[in-house]
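S.K.: Numbering (the UniProt record's numbering), first residue to last: 1 to 465.
Dropping a structure here in C-alpha cells format, bear with me for questions.
If you want it as C-alpha cells, here you go:
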C-alpha cells in the first residue's frame, strides 16, 4: 500500500501588532535553523511511514498464515475422504471383479480419476493451495493404481502357480510309483512349468526351478525308503543337483528319515531274533536286512541252570523232578517225575488255548491288511519240517507267519501295523505253553553241570532231560 504523507497545516501569521525583539541575529543563522527544523520533520515523517508499513505487513502475514492453515485443514479433510472412498472402491472391485482382467483395471482407473476430479472441485482456496492438493491427490491415486497392478500380478501368478502345481502333483504320483523315473519327470515338469513362467519375475522362476526337482526328489527318496531300498534313496539324496535343490536342512531331514526306517527294521529283526524258539528254523530271518550279521546269543552261566538231584531234593521237590532255576528267581519245574512230557504239553495247551484264541481275530484282521495269508489258510507250509521231534507246532508256525507279515509291512513303510504284528507274535510266544517249554529245553546247561554230567559244553536242557 502506498504511504500517504500527512498534510501539514499552513501556519498563517496572526493579526496584531508586530513586536520586534531586540535579538541580535543574522540571516545565516536563520537559514541554518530552518534547515534543521525541516530535517527533523522529515525524519519524523519517515519514521511514522515505516511504522505504518510494518503494521500493515504484519496484518498481511497473519491473514496469510490463517488462510494457509485453513487451506491445510481443508486439504487434509479432502485427502482423508479421497483415501477412504478409494479404499472402499478398491475392496469392492477386488471382491466383485477380477483385477487380472484388463477391463477391470481400466474401469478402476477411470473411477479413481473421477474421485480425484470431485475432490479438486470441493476445494475452495488459493491457486497455490489447489496446486498442492492436486499434487497430493495424484500421489494417492498412483498408490491405488499400484495396488491394483500388484493385485493383478498376484492373481495372475496364483492362477499359473495352480497350473504348475498340477504338473508337480502329476510328477509326484509318477515318481512315487516308480522312483527310477525321477530324472525324466524332472525334465518334463520343468519344461511344462517354464512355458508359463511369463507371469513371474526372475527370482520366482529360480524358485520354481529349485522347487520342482526338490519336490520330485523327495517323492523318489520316500518311495525308495518305503520299499527298503535305502542305498538307492541315499544315492538320490547325495546327487549334487538334488543336494542344491533340497538345501542342507531338508537334506539332513531326509537322511534322518532314512536312518529311522533302517533302525526300525534293525529293531524288528533284533526283537524277532530274541524271541527265537526251538522249532522255528533260523532261515526264516534270511529275508530280513543284514541277516548274515546276526549273532546267535548264548546263555551265560548266571542266566540259570538245572538243579542237581541233591539240590532238587533239598528244595522240597520229589525225586526225579527236573528243576531249572535262575539267579534270584524261584525254581521252575521243567518235568515232573512219572509224567510224560507230551501229556504235560497237551494239558498246558488246553489251559492256555482260550487266551490265544481271544487274539486270533485281531491277528487275522492285521494279516488281511498286510496282504498275507490267514493263519487258518492251508497251502504250502512256511518252512519244511519233519513230523516228530523238532517239528514246528501250530503256535510256532503262527509266530513264523506273523513275523513274515511284519517284515512285509516294514518294507512297505507300515511301521505301526508291523509293530502290532510283532506284539501279537510276542504275545503268542509268551503265552504258548509248548513254545515256552521248548525255549526252556533249548537253553544250554551251565558249564559246571555239563562237566558233572559228562556232556559237551552247549548241551541243552532238552538233550539231557
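No residue lacks a Cβ here, since even glycine has one placed at the ideal position from N, Cα and C.
Count the other CB atoms within 10 Å of the CB of residue 215; is the residue buried (16 or more) or exposed (fewer)?
M.R.: buried
S.K.: Going by DSSP in three states, residue 456 sits in which element: helix, strand or coil?
M.R.: coil
S.K.: Quick check: the Cα distance between residue 205 and residue 397, rounded to an integer number of angstroms?
M.R.: 59 Å
S.K.: Within 10 angstroms of its Cβ, does residue 163 collect 16 or more other Cβ (buried), or is it exposed?
M.R.: exposed
S.K.: May I have the straight-line CA-CA distance separating residue 176 from residue 258, to the nearest angstrom?
M.R.: 16 Å
S.K.: Determine, using beta carbons only, whether residue 417 and residue 409 come nearer to each other than 7 Å.
M.R.: yes
S.K.: From the DSSP output, which residues share a beta bridge with residue 444?
M.R.: 460
S.K.: Could you give the distance in angstroms between the alpha-carbon of residue 119 and the alpha-carbon of residue 158?
M.R.: 36 Å
S.K.: State the DSSP-derived secondary structure class of residue 178, mapped to helix, strand or coil.
M.R.: coil
S.K.: Using the C-alpha atoms, what's the distance from residue 54 back to residue 133?
M.R.: Answer to the nearest angstrom: the Cα atoms are 32 Å apart.
S.K.: Rounded to whole angstroms, how far is the Cβ of residue 217 from the Cβ of residue 236, which I believe are closer than 8 Å?
M.R.: Contact between residue 217 and residue 236 holds, with the beta-carbon distance rounding to 6 Å and staying under 8 Å.
S.K.: Could you have a look at residue 308 and say whether DSSP puts it in helix, strand or coil?
M.R.: coil
S.K.: Can you say whether residue 309 is buried or exposed, counting buried as having 16 or more other CB atoms within 10 angstroms of its CB?
M.R.: exposed
S.K.: What runs of the alpha helix (DSSP H), each 4 residues or longer, lie entirely inside the segment 101-176?
M.R.: 102-121
S.K.: Inspect the beta-carbon positions of residue 112 and residue 85 and report whether they are closer than 7 Å.
M.R.: no
S.K.: Quick check: the Cα distance between residue 68 and residue 131, rounded to an integer number of angstroms?
M.R.: Approximately 13 Å, taken between the alpha carbons.
S.K.: Would you mind stating whether residue 99 and residue 144 have Cβ atoms separated by less than 7 Å?
M.R.: no
S.K.: How close, in whole Å, do the beta carbons of residue 443 and residue 460 come, if the pair is a contact with beta carbons under 8 Å?
M.R.: Between residue 443 and residue 460, the beta carbon gap of about 6 Å places them in contact (Cβ cut-off 8 Å).
S.K.: Mind the definition here: the segment 175-192 touches the segment 217-229 only if three or more C-beta pairs lie below 8 Å; say whether that holds.
M.R.: Short answer: they touch.
S.K.: Take residue 124 as the anchor and find which of 82, 136, 72 has the nearest alpha-carbon.
M.R.: Ranked by how close their Cα comes to the Cα of residue 124, the residues 82, 136, 72 have 72 in first place.
S.K.: Where does residue 241 fall in DSSP's three states?
M.R.: For residue 241, the three-state secondary structure derived from DSSP is helix.
S.K.: Whose C-alpha, out of 168, 249, 406, is nearest the C-alpha of residue 264?
M.R.: The residue among 168, 249, 406 with its C-alpha nearest the C-alpha of residue 264 is 406.
S.K.: Run through DSSP, which three-state label would residue 225 get?
M.R.: Per DSSP, reduced to three states, the secondary structure at residue 225 is helical.
S.K.: Can the beta-carbon of residue 154 be found less than 7 Å from the beta-carbon of residue 108?
M.R.: no
S.K.: For residue 58 and residue 44, what's the separation of their Cα atoms in angstroms?
M.R.: 21 Å
S.K.: Using three-state DSSP, classify residue 230 as helix, strand or coil.
M.R.: helix
S.K.: For residue 255, collect the residues of the same chain with a Cβ closer than 6 Å to its Cβ; drop the 5 residues on either side in sequence, then sort them by chain order.
M.R.: none
S.K.: Kindly list the residues whose CB is nearer than 8 Å to the CB of residue 277, restricted to its own chain and excluding five residues on each side of it in sequence; keep chain order.
M.R.: In this prediction, residue 277 scores a pLDDT of 46, lower than 50, which makes its location untrustworthy; the coordinate-derived value is nonetheless stated afterwards. Within the same chain, residue 277 has close Cβ partners 396, 399, 429, 435, 438, 439, 442.
S.K.: Taking the alpha carbon of residue 95 as the point to measure from, which residue in 77, 83, 152 has its own alpha carbon closest?
M.R.: 152
S.K.: Between the Cα of residue 121 and those of 316, 78, 242, spot the shortest distance and give me the residue it belongs to.
M.R.: 78
S.K.: Spatial neighbours of residue 83 within its chain, please: C-beta separation below 7 Å, excluding the five flanking residues on both sides.
M.R.: Same-chain partners within the cutoff: 140.
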